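One structure is given here, and the rest of the page talks about it.
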Amino acid sequence: MREHDVVVVGAGLAGMRAAIAAHEAGVDVALVTKLHPVRSHSGAAQGGINAALGNETEDSTDNHTFDTVKGADYIGDQDAIEILCERAPLEVYQLEHWGAVFSRQEDSGKIAQRPFGGAGFPRTCYAADLTGLVILHTLYTVCVKYDIPTYEEWFVTDLVTDDSGNAVGVVAYDMIHGKIETIGAKAVVMATGGAGRVYRPSTNAHASTGDAMSLALRKGVPLKDMEFMQFHPTTLAANGVLVTEGARGEGGYLLNKDGDRFMSKYAPNKLELASRDVVSRAEATEIQEGRGIDGCVLLDLRHLGRDRIMERLPQIRELAIAFAGTDPIEEPIPIRPGAHYHMGGVHVDNWGAAPHMPGLFAAGECSCVSVHGANRLGGNSLLEAVVFGARAGEASAAYAQEAPAPKVPTNAADETQARIEELLSRENGPRQAEIRDELATVMQEKVGVFREDATLREAKATVDNLRQQFQGVVVDDKGKTFNTDLIHTIETGYLLDLADCMVTGAIARHESRGAHSRTDFPDRDDENWMKHTLAYLDDGEIRLDYSPVTMTKYEPQVRSY
Ligand SMILES: Cc1cc2nc3c(=O)[nH]c(=O)nc-3n(C[C@H](O)[C@H](O)[C@H](O)COP(=O)(O)OP(=O)(O)OC[C@H]3O[C@@H](n4cnc5c(N)ncnc54)[C@H](O)[C@@H]3O)c2cc1C
């Protein structure tokens with residue numbers, strides 16, 4: 001068995017930032033990742049990362065904090081949001097010092113900042129429209145420099161606990177050698193990214209299947225605020241590929257079929273730069289009421305001119321040409337709301353520690369601290385990944401320095417081995433792809449931008465039925481190495497758990513807040529629902545509980561843009 005002080009699962013922004021922090025704290029830390037680190041979904045992030053640098057304006061940490069609290073529709077924990085916004089400039093400068101090439105202001109040479117949705121000031125630092133890629137590669141070079149051991153193309157299938165219920169390692173399928181291995185550790189940091197693939201279409205990578213959330217859930221750790229799924233206002237109809245909010249930040253307009261700039265009706269002050277839930281609902285309403293074009297509205301960038309588009313949004317232009325057959329220099333791009341970001345995740349505290357399981361930490365999109373509450377602001381999640389990645393790395397290292405040697409059960413991998421053998425021995429049954437497709441379709445249709453009791457219950461019935469079918473799922477590929485059929489099957493099991501938490505939480509929440517918009521309960525209800533949802537898995541059923549929201553200085557107000 002291999003053993004490290006700290007094992008970090010996931011090598012996106014959160015995982016690598018955590019590993020770097022743990023290494024700098026002096027412990028032996030390793031990364032385990034199903035993808036090569038630079039293939040992580042963080043690399044697809046386009047628009048940017050928020051920090052109140054105040055380079056162009058009188059912005060401040062307080063402004064950033066307030067915008068985030070408001071964006072979250074008052075259900076984010078304000079102490080955590082303060083930490084996020086205070087550490088933001090430090091982390092952005094740290095990334096710059098490690099070599100991240102941010103776009104610059106022409107005159108001063110300082111880091112340039114663009115306006116983003118829900119932000120009172122231009123606060124989003126960016127590297128053209130490739131920000132995530134630039135940061136991901138920067139962190140990877142630091143991991144290489146520090147020689148952090150990395151188990152690449154190892155797919156984690158289980159979280160290992162000792163007799164007292166402490167996290168003491170993980171079990172993983174080493175795809176290259178076709179073996180099931182155990183890695184022991186004094187502390188485990190989960191950083192496996194989002195669960196966007198519960199939906200279809202989705203802006204997320206195929207690998208964004210929320211693995212750690214399900215692994216934690218199955219070990220008795222609750223997931224928080226799972227009903228809050230963000231629909232991004234600008235995705236391409238053909239395949240759900242994202243068009244960054246930076247396109248509106250640079251001045252893009254939204255038009256309906258009559259050429260009206262309809263956001264003036266829904267958000268008279270901020271227009272296209274209202275928060276995402278508001279813009280997505282506006283678009284969905286325009287489309288539902290017959291003012292769309294083939295299920296889309298239009299994103300018009302033409303007035304920005306060729307030079308600005310080529311300098312600031314070159315990737316967007318390429319994507320629009322490739323997937324929508326539209327050159328935004330010449331024509332508006334048809335876009336619509338699409339599943340994008342999951343606000344919920346593993347319930348952790350401000351240090352990324354899971355209160356229900358000593359030794360377990362989580363950071364990045366798989367975790368819920370919660371800084372995004374009911375609706376995340378664009379540019380805040382790359383930030384969350386580095387800020388809370390660093391904090392989880394620091395906290396897990398401190399924990400490991402005090403912890404005794406892990407008591408890893410010698411048979412830790414046996415259960416996984418048996419489960420996989422059983423799966424591979426089955427000859428007939430439904431295939432994972434069918435189950436996954438049906439799941440993603442029902443989530444898209446019935447747990448979308450607008451929700452209501454009857455359709456949510458239909459979605460729940462489908463999820464229950466698919467869970468049943470999944471018991472008999474068949475894996476056609478019986479091979480040992482690089483068995484992607486097997487991996488996708490296990491991931492589908494994770495997606496089913498998460499969809500169940502999302503739907504169950506959504507049925508119960510009788511209000512509209514942020515991304516959770518109920519047509520049968522159209523108002524926010526602070527009296528009864530100013531609380532976080534906690535979802536537990538008990539005997540195969542989701543059980544809900546609730547926990548209080550932390551307020552510091554911002555009283556809930558009516559939210560308008
Ligand atoms: C298209 C797109 C554009 C975006 N643009 C922005 C933006 O401009 N600004 C912003 O703030 N946010 C943006 N976001 C959101 C943001 O990019 C993500 O929330 C963030 O990058 C997540 O980082 P992460 O480290 O948590 O996860 P990821 O980067 O997704 O990394 C997950 C890691 O976990 C590993 N992993 C997963 N499961 C397993 C397993 N079972 N075993 C082993 N390893 C595993 C993977 O290999 C990977 O290394 C965007 C998201 C998308 C999809």
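The sequence shown lines up with residues 1 to 561 when you count with the numbering used here. We put the beta carbon where it would ideally sit given N, CA and C, even for glycine. Note that the structure is a prediction, hence the values are computed from the model and not measured.
Mapping DSSP to helix, strand and coil, what is residue i?
i	result
Asp437	helix
Asp520	coil
Gln557	coil
Gly252	coil
Asn528	helix
Gln469	helix
Lys190	At residue 190 the sequence reads Met, which differs from the Lys that was named. Looking at Met190 - three-state DSSP - the assignment turns out to be strand.
Thr235	strand
Gln562	Not covered by the structure: residue 562. The range shown for the chain is 1 to 561.
Ser547	strand
Arg218	helix
Asp67	helix
Asp174	strand
Leu223	strand
Pro328	coil
Pro201	coil
Tyr341	strand
Lys446	helix
Ile49	strand
His494	One detail in the question is off: residue 494 reads as Tyr in this sequence, not His. DSSP places Tyr494 in helix when its eight states are reduced to three.
Tyr151	strand
Report yes if the C-beta of residue i is less than 7 Å from at least one heavy atom of ligand 1; otherwise report no.
i	result
Pro82	What sits at residue 82 in the sequence shown is Glu, not Pro. Incorrect: Glu82 has no Cβ contact closer than 7 Å to ligand 1.
Gly240	no
Ile49	yes
His177	no
Asp211	yes
Lys478	no
Phe155	yes
Gln432	no
Glu331	no
Ser547	no
Cys85	no
Lys34	yes
Thr492	no
Pro201	no
Gly193	yes
Val92	no
Glu365	yes
Thr484	no
Val188	no
Ala11	yes
Pro115	no
Can you give the beta carbon distance from residue i to residue j, rounded, assuming they're within the 8 Å contact cut?
i	j	result
Ile333	Val243	6 Å
Thr489	Val473	6 Å
Tyr74	Pro556	4 Å
Phe388	Ala363	5 Å
Ala172	Glu181	6 Å
Gly345	Leu223	6 Å
Gly117	Gly378	5 Å
Less than 7 Å separating the Cβ of residue i from some heavy atom of ligand 3?
i	result
Val243	Questions concerning ligand 3 fall outside what the structure shown contains, since the ligands it does hold are ligand 1.
Under a Cβ-count criterion, where at least 16 other Cβ atoms within 10 Å of its own Cβ denotes burial, should residue i be classed as buried or exposed?
i	result
Pro548	exposed
Met343	buried
Pro355	exposed
Arg248	buried
Ala418	exposed
Asp77	buried
Lys446	buried
Met1	exposed
The beta strand (DSSP E) with residue i in it runs from where to where?
i	result
Leu84	Note, Leu84: premise wrong, no beta strand (DSSP E); alpha helix (DSSP H) at 78 to 98.
Trp154	154 to 161
Ala354	Looking at the DSSP string, Ala354 is not in any beta strand (DSSP E), and its letter there is neither H nor E.
Thr209	No beta strand (DSSP E) holds Thr209; DSSP gives it neither H nor E.
Ala30	29 to 33
Val297	297 to 300
Could you give the residue range of the alpha helix (DSSP H) that holds residue i?
i	result
Tyr74	Unbroken run through Tyr74: none, as it is neither H nor E.
Gly305	305 to 312
Thr416	414 to 425
Arg17	13 to 24
Thr410	No alpha helix (DSSP H) holds Thr410; DSSP gives it neither H nor E.
Asp5	Counting along the chain, Asp5 falls outside any alpha helix (DSSP H), though it belongs to the beta strand (DSSP E) covering 2 to 9.
Leu383	380 to 402
Would you say residue i faces chain B, with C-beta separation under 8 Å as the test?
i	result
Leu215	Among the chains of the structure shown, chain B does not appear; only one protein chain is present.
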